[in-house]
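Residue numbers (my numbering): 11 to 182.
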């Protein structure tokens, strides 16, 4: 079976940041964590460039995909680096590099603390991988049709999920 919209894909990946001509840094490895990625193809569950590269691939396929920032997590936007009041963070030991998840206009967003002052905090709301060229080494383990419940939710469901208990808002 090949990867197409409305199908659940299971794959292993190694994610690297491309630092130069021959330099890369491994950022994540699903095999090392012993946990493959499972996603619903065509539902924006993964970055757009990766989804395009996987379209039409079959079980057992192995491929390497390099994504420029615009096809991955976007280009850095310096307007998303701004100063906020220190009282916005109820953490006593706030330090640069700390990350928090906060509500954003399009859903949850990650906020990275850049600098901590007495009364203010410099934060960055760019995605932590924004502006980076990324390389994925991929192995497609399985491809299957999504269940009606998975289509309704927009993502794969755990195997023990009772489909009768899934709210079916998206489907007629």
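Cβ atoms here follow ideal geometry from the backbone N, Cα and C, with glycine treated the same way.
It is roughly 26 Å from the alpha-carbon of residue 47 to the alpha-carbon of residue 115.
In this structure, the straight-line span from the alpha carbon of residue 125 to that of residue 165 is close to 36 Å. In this structure, the beta-carbon distance from residue 91 to residue 104 does not fall below 9 Å. Annotation for residue 55: 49, 165 place their beta carbon closer than 7 Å to its own, counting only its chain and skipping 5 residues before and after. In this model, residue 86 and residue 174 are separated by some 43 Å (Cα to Cα).
Annotation for residue 167: no alpha helix (DSSP H) segment contains it, and DSSP assigns it neither H nor E. Sixteen is the threshold: when 16 or more other Cβ atoms of the shown chains lie within 10 Å of the Cβ of residue 61, as they do, the residue is buried. Rounded to the nearest whole angstrom, the CA to CA distance from residue 113 to residue 119 is 6 Å.
DSSP, reduced to helix, strand and coil, places residue 46 outside both helices and strands of the structure shown, so it counts as coil.
Across the set 27, 169, 150, 135, the C-alpha of 150 shows the shortest separation from the C-alpha of residue 19. By the Cβ neighbour-count rule, residue 72 is exposed, with fewer than 16 other Cβ atoms within 10 Å of its own.
In this structure, DSSP gives residue 27 an extended state, which the three-state scheme calls strand. In its chain, beyond the 5 residues on either side, 82, 83 have a beta carbon closer than 7 Å to the beta carbon of residue 139.
Residue pairing by DSSP places residue 76 opposite 145 in a beta bridge. Under the three-state reduction of DSSP output, residue 95 falls in the strand class.
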